[in-house]
Amino acid sequence: MTKKPKILLIYTGGTIGMVKDYKTGALKTFNFNKLLNQIPEINQLHCVIESISLKKPIDSSNMNTSDWVLIAEIIEINYNSYDGFVVLHGSDTMAYTASAISFMFENLSKPIIFTGSQLPIGDLRTDAKENLITSIQIASAVENDSPIIKEVCLYFEYKLYRGNRTTKINSEHFQAFTSPNYPPLCESGVHLKFDRNLIFKPHSKESLVVRKNMVKDIVILKIFPGITKEVVKSILSIENLKGVILETYGAGNAPSDKWFVSLLKDAIKEGIQIVNVTQCAGGSVIMGQYETSVQLQKIGVISGFDITTESAIAKLMYLLGEKIPKNQFRIIFETSLRGEISKPN
Ligand code: ASP
């Protein structure tokens with residue numbers, strides 16, 4: 001029998017550990033340790049599980065960058081004592097947190113698996129048990145004495161995704177997440193089927209660096225037919241604004257109105273980083289493919305390629321926090337750092 005991997009379960013909040021307030025009918029956070037007793041099955045897993053909970057578990061809609069740092073610090077402090085980490089998190093902002101943690105952990109060589117559920121763990125029809133048990137199994141999966149997964153992932157409803165590729169697509173279905181531009185890394189059926197070719201292979205054997213400086217002075221500007229000059233102008237003149245995720249149409253297209261392009265151009269001149277991300281559920285930005293994106297490319301808008309908006313937000317906050325020289329920002333943003341983008345051939 002091989003040595004049992006040690007897994008740290010980190011409870012941050014979310015439906016998985018909530019109970020119903022029978023007075024109001026609303027779900028609220030609860031003491032997770034008590035709820036863990038409801039799944040004695042986890043004692044059968046071939047691993048040692050220890051758990052820790054945020055002092056005040058939260059609904060993930062209340063997540064802030066300071067909570068990301070808190071989660072990162074729990075993992076950082078315990079990094080050498082455990083073989084893998086499972087983070088229990090509300091599904092609403094799980095894709096954002098998983099993306100952010102992926103950027104914050106450079107040279108990660110252990111699994112960090114995010115999971116949660118659509119129904120509380122105590123509910124008769126809960127999806128929590130399968131999500132939790134399989135996440136722990138994945139976090140403890142080893143091959144040749146080395147963890148199979150060495151990246152930040154999200155597990156939900158029989159699929160393991162790269163965390164920074166995910167997006168929440170449904171508020172009711174058990175299959176709440178998808179990864180529009182990257183296939184699942186593992187599927188859970190009778191066996192766990194890992195796809196070795198898709199799993200992130202760390203480039204270096206350097207030691208772990210945890211970066212915690214996330215800059216919040218950014219905005220998402222989603223364009224729509226009829227968007228006015230006043231709206232764009234006022235968004236771009238927000239005090240201290242440092243970055244914009246520009247959600248464009250299709251392959252990265254936007255209105256070619258002079259006022260629109262010139263407002264963006266002025267913002268870029270002032271040092272604001274503007275990233276082009278598509279509003280489409282899947283596919284990539286290809287600036288220059290249509291006339292309506294040629295101008296954006298000319299004025300220095302950064303391409304997000306096939307990055308999700310969640311991941312773009314996290315990457316922008318992270319790179320702004322790294323104080324990268326302005327002339328290198330675009331090159332670094334357009335580089336895949338943690339497998340978050342693939343560039344078209
Ligand atoms: N509102 C909850 C949260 O994100 C939903 C969930 O856990 O699925 O914390």
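Residue numbers (the numbering used here): 1 to 345.
Every residue gets a Cβ at the ideal spot worked out from N, C-alpha and C, and that includes glycine.
Legend entry - Heavy atom of the ligand ASP within 6 Å of threonine 15 beta-carbon: Position 15 of the sequence shown, counted from the first residue, corresponds to residue 15. At least one heavy atom of the ligand ASP is nearer than 6 Å to the Cβ of threonine 15, so yes.
Legend entry - Beta-carbon contacts of glutamate 106 that lie in its chain and below 6 Å, excluding the five residues immediately before and after: Here residue 106 refers to the residue found at position 106 of the sequence shown. When the five nearest sequence neighbours on each side are left out, the beta carbons in the same chain lying within less than 6 Å of the beta carbon of glutamate 106 are those of Val209, in order along the chain.
Legend entry - Three-state secondary structure assigned by DSSP to glutamate 143: Here residue 143 refers to the residue found at position 143 of the sequence shown. Strand at glutamate 143.
Legend entry - For glutamate 247, the three-state DSSP class (helix, strand or coil): As a working mapping, residue 247 is identified with position 247 in the sequence shown. Strand, per DSSP.
Inset, instruction - Name the two residues that bound the continuous beta strand (DSSP E) containing glycine 84. - result: One-based indexing of the sequence shown puts residue 84 at position 84. Counting along the chain, the beta strand (DSSP E) containing glycine 84 begins and ends at 84-88.
Legend entry - Buried or exposed by the 16-neighbour rule on C-beta atoms within 10 Å, applied to glutamate 239: As a first step, residue 239 must be located in the sequence shown, where it is residue number 239. Result: exposed.
Inset, instruction - Taking isoleucine 75 as part of the alpha helix (DSSP H), name the residues at either end of that continuous run. - result: By one-based count along the sequence shown, residue 75 stands at place 75. The continuous alpha helix (DSSP H) containing isoleucine 75 extends over residues 65-78.
Inset, instruction - Give a yes or no on whether the C-beta atoms belonging to phenylalanine 224 and glutamine 273 are separated by under 7 Å. - result: Looking up residue 224 in the sequence shown gives position 224. Looking up residue 273 in the sequence shown gives position 273. No, Cβ-Cβ distance for phenylalanine 224 and glutamine 273 is not below 7 Å.
Legend entry - One or two residues paired with serine 51 in a DSSP bridge: The residue given as residue 51 occupies position 51 in the sequence shown. The partner list for serine 51 (beta bridge, DSSP) reads Leu9.
Legend entry - Close Cβ partners of valine 261 (< 7 Å) along its chain, the five nearest in sequence each way excluded: The residue you call residue 261 lines up with position 261 of the sequence shown. So the list reads Gln295 and Ile299, once near-sequence residues are dropped.
Inset, instruction - Check whether the Cβ of aspartate 59 lies closer than 6 Å to any heavy atom of the ligand ASP, and answer yes or no. - result: As a first step, residue 59 must be located in the sequence shown, where it is residue number 59. Yes; taking the cut-off as 6 Å, the Cβ of aspartate 59 has a heavy atom of the ligand ASP nearer than that.
Inset, instruction - Answer yes or no: the CB of glycine 116 versus the heavy atoms of the ligand ASP, is any distance below 6 Å? - result: Here residue 116 refers to the residue found at position 116 of the sequence shown. Flag set: Cβ of glycine 116 near the ligand ASP.
Inset, instruction - Have a look at leucine 236 and methionine 63 and give me their C-alpha separation to the nearest angstrom. - result: Along the sequence shown, one-based indexing puts residue 236 at 236. Along the sequence shown, one-based indexing puts residue 63 at 63. So the alpha carbons of these two residues sit roughly 25 Å apart.
Inset, instruction - Give the secondary structure of asparagine 62 by DSSP, where H, G and I count as helix, E and B as strand, and everything else as coil. - result: Taking the sequence shown and counting its residues from 1, one reaches residue 62 at position 62. Helix at asparagine 62.
Legend entry - Coarse secondary structure for isoleucine 220, derived from DSSP in three states: As a working note, residue 220 is residue 220 in the sequence shown. Strand, per DSSP.
Inset, instruction - My understanding is that glycine 163 touches alanine 72, with C-beta atoms under 8 Å, so please give their C-beta distance in whole angstroms. - result: Residue mapping note: residue 163 aligns to position 163 of the sequence shown, counting from 1. Residue mapping note: residue 72 aligns to position 72 of the sequence shown, counting from 1. At roughly 13 Å, the Cβ-Cβ gap does not stay under 8 Å, so glycine 163 and alanine 72 are not in contact.
Legend entry - Residue burial classification, threonine 93 (beta-carbon count within 10 angstroms, cutoff 16): In the sequence shown, residue 93 corresponds to position 93, counting from 1. Threonine 93 is buried by the Cβ-count criterion.
Legend entry - Among Pro325, Thr292 and Ile220, nearest to valine 275 - alpha-carbon criterion: The count along the sequence shown starts at 1 and reaches residue 275 at position 275. That would be Ile220, whose Cα lies nearest to the Cα of valine 275.
Legend entry - Supposed close pair glycine 283, alanine 251 - CB separation, criterion 8 Å: As a working note, residue 283 is residue 283 in the sequence shown. As a working note, residue 251 is residue 251 in the sequence shown. At roughly 7 Å, the Cβ-Cβ gap stays under 8 Å, so glycine 283 and alanine 251 are in contact.
Legend entry - Buried or exposed by the 16-neighbour rule on C-beta atoms within 10 Å, applied to glutamine 38: Numbered from 1 along the sequence shown, position 38 holds the residue referred to as residue 38. By the neighbour-count rule (16 or more Cβ atoms within 10 Å), glutamine 38 is not buried but exposed.
Inset, instruction - Please go through the same chain and pick out, in chain order, the residues whose beta-carbon is closer than 8 Å to the beta-carbon of threonine 126, but skip the five residues on each side of it. - result: As a first step, residue 126 must be located in the sequence shown, where it is residue number 126. Answer for threonine 126: Ser117, Leu119 and Pro120, listed in chain order.
Legend entry - DSSP bridge partner residues for leucine 27 (one or two, in chain order): Here the question's residue 27 lines up with position 27 in the sequence shown. According to DSSP, leucine 27 bridges with Lys20.
Legend entry - Collapsed DSSP secondary structure at threonine 93 in the structure displayed: Within the sequence shown, residue 93 is the residue found at index 93, counting from 1. Threonine 93 falls in the coil class under three-state DSSP.
Inset, instruction - Tell me where the alpha helix (DSSP H) around lysine 298 begins and ends. - result: Counting from 1 along the sequence shown, the entry for residue 298 is found at position 298. If you look at lysine 298, you'll find it in the alpha helix (DSSP H) that goes 291-299.
Inset, instruction - Tell me where the beta strand (DSSP E) around glutamate 41 begins and ends. - result: For the purposes of this step, residue 41 is taken as residue 41 along the sequence shown, with counting starting at 1. Note, glutamate 41: premise wrong, no beta strand (DSSP E); not H, not E.
Inset, instruction - In the DSSP assignment, find the beta strand (DSSP E) that holds arginine 162 and state where it starts and stops. - result: Residue numbering aside, residue 162 sits at position 162 when the sequence shown is read from its first letter. Taken as a continuous stretch (DSSP letters only), the beta strand (DSSP E) holding arginine 162 covers 159-162.
Legend entry - Cα-Cα separation between threonine 115 and serine 135, rounded to whole angstroms: Here residue 115 corresponds to residue number 115 of the sequence shown, with the count starting at 1. Here residue 135 corresponds to residue number 135 of the sequence shown, with the count starting at 1. So the alpha carbons of these two residues sit roughly 7 Å apart.
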